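Chemist: Mind the numbering: the sequence shown is residues 0 to 232 in numbering that gives the first Met the number 0, read in order.
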Amino acid sequence: MQKSSYEKKVLLYSGGMDSWLIDKIWKPDVKLYVDMGTKYSQEEIKRLPADVVVEKLDLSKWEREDKIIPLRNMYLIGIATNYGNEICLGATAGDRVLDKSPVFADIYEQLLNYLYQKQHWTEERKIKINLDFKRYTKAELVRAFVAQGGDMDEAFSSSFSCYTPEHGKECWSCKPCFRKFIAFALNGYPFTEDIIDRNVSYIRKEILPLIESGTYGRKQEEDEIMQVLSFYK
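1. Given this structure, state the Cα-to-Cα distance separating residue 93 from residue 68, to the nearest angstrom.
2. Around the Cβ of residue 171, are there at least 16 other Cβ atoms within 10 angstroms (buried) or fewer (exposed)?
3. May I ask you to list the residues that DSSP assigns as paired with residue 118?
4. Can you tell me which of the three DSSP states residue 224 falls into?
5. Tell me where the beta strand (DSSP E) around residue 32 begins and ends.
6. Who are the near neighbours of residue 27 in its chain, counting only those whose CB is closer than 7 Å to its CB and skipping five residues on each side?
7. Let me check understanding here. Comparing Cα to Cα, which of 154, 151 and 178 lies closest to residue 161?
8. Please classify residue 97 as buried or exposed, where buried requires at least 16 other C-beta atoms within 10 Å of its C-beta.
9. Can you tell me whether residue 68 is helix, strand or coil according to DSSP?
10. Out of 79, 47 and 119, which has the shortest C-alpha to C-alpha gap to residue 159?
11. State buried or exposed for residue 175, treating a residue as buried only when at least 16 other CB atoms are found within 10 Å of its CB.
12. Let me make sure I understand the geometry here. Which of 63, 78, 190 and 71 has the alpha-carbon closest to that of residue 54?
13. Taking the alpha carbon of residue 120 as the reference point, which residue from 226, 102 and 81 has its own alpha carbon closest?
14. With 16 as the cutoff for other CB atoms within 10 Å, does residue 20 come out buried or exposed?
15. Enumerate in chain order the residues of its own chain whose CB-to-CB distance from residue 173 is below 7 Å, with the five nearest sequence positions on each side excluded.
16. Which residue or residues does DSSP assign as beta-bridge partners of residue 52?
17. Count the other CB atoms, across all protein chains shown, that sit within 10 Å of the CB of residue 16; report buried if there are 16 or more and exposed otherwise.
18. Please report how far the alpha carbon of residue 58 lies from the alpha carbon of residue 64, in whole angstroms.
19. In the DSSP assignment, the beta strand (DSSP E) including residue 11 goes from what residue to what residue?
Here it is in structure tokens:
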């Protein structure tokens with residue numbers, strides 16, 4: 000392959016709210032989905048646009064009860080370097096895992112650029128891990144999409160963020176669902192009473208105790224959560 004073929008922007012794409020919005024805002028050359036064999040992978044795959052490149056890397060045996068796969072983004076970025084030099088990790092302000100942190104991105108960039116020195120199997124390449132969207136909360140990401148002319152209804156219905164789908168639909172009782180709820184509620188999305196009730200119940204039971212004890216650890220997002228709770232007293 001010629002060197003120019005790597006001068007591409009690659010988005011690690013899941014079809015969740017963050018990557019769906021970043022695709023529209025950032026406009027990558029390649030959208031890459033890695034099927035890790037998780038319990039929710041099949042629901043994600045069913046919804047992928049036709050232009051998404053799909054690779055397989057079965058990490059399901061290391062999936063924890065809370066759905067975290069340790070070091071997941073390290074593996075995914077490594078695969079993504081086969082498609083381009085700039086890799087966008089769809090991290091937002093509320094993401095706490097260390098493999099979505101600026102420190103991780105800097106260290107891993109250095110490692111990848113060491114490995115991609117000119118040698119018998121590759122020309123010299125410069126890898127960049129893009130974390131530009133980490134300065135946005137999810138609500139701000141929705142706002143940025145709408146500000147550039149995007150349709151909020153399309154963003155809501157086309158993105159899928161759920162760990163425990165129910166009959167092919169979002170459950171609205173898990174962490175990704177509740178974070179999507181917060182983002183769209185702050186942008187005035189007209190939720191049904193059922194979705195409101197499920198999310199408010201989840202927040203009061205699972206999230207509020209963490210905020211009150213100081214262990215939730217997402218200050219900007221905490222303020223947004225409390226603001227949304229004030230909408231639905």
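Ideal placement from N, C-alpha and C gives every residue a C-beta, glycine not left out.
Computed from a prediction, not measured in an experiment: that's the story for all the values here.
Modeler: Taking the definition as stated:
1. A straight-line Cα-Cα distance of about 18 Å links residue 93 and residue 68.
2. Counting other Cβ atoms within 10 Å of its Cβ, residue 171 reaches 16 or more and is therefore classed as buried.
3. Its beta-bridge partners are 121.
4. The answer is helix: DSSP assigns residue 224 an H, G or I state.
5. Per DSSP, residue 32 is one residue of the beta strand (DSSP E) stretching across 29-34.
6. Within the same chain, residue 27 has close Cβ partners 8, 9, 10 and 87.
7. Comparing Cα-Cα distances from residue 161 to each of 154, 151 and 178, the minimum goes to 178.
8. Looking at its Cβ environment, which holds fewer than 16 other Cβ atoms inside 10 Å, residue 97 is exposed.
9. It is coil, neither helix nor strand.
10. Closest in alpha carbon position to residue 159, among 79, 47 and 119, is 47.
11. Classification for residue 175: buried.
12. Closest option to residue 54, Cα to Cα, is 78.
13. Here the closest residue by C-alpha is 81.
14. With 16 or more Cβ atoms within 10 Å of its Cβ, residue 20 is classed as buried.
15. Cβ neighbours of residue 173 beyond the five flanking positions: 161, 162 and 163.
16. In the DSSP assignment, residue 52 forms a beta bridge with 31.
17. Buried.
18. Approximately 14 Å, taken between the alpha carbons.
19. Unbroken beta strand (DSSP E) run through residue 11: 8-11.
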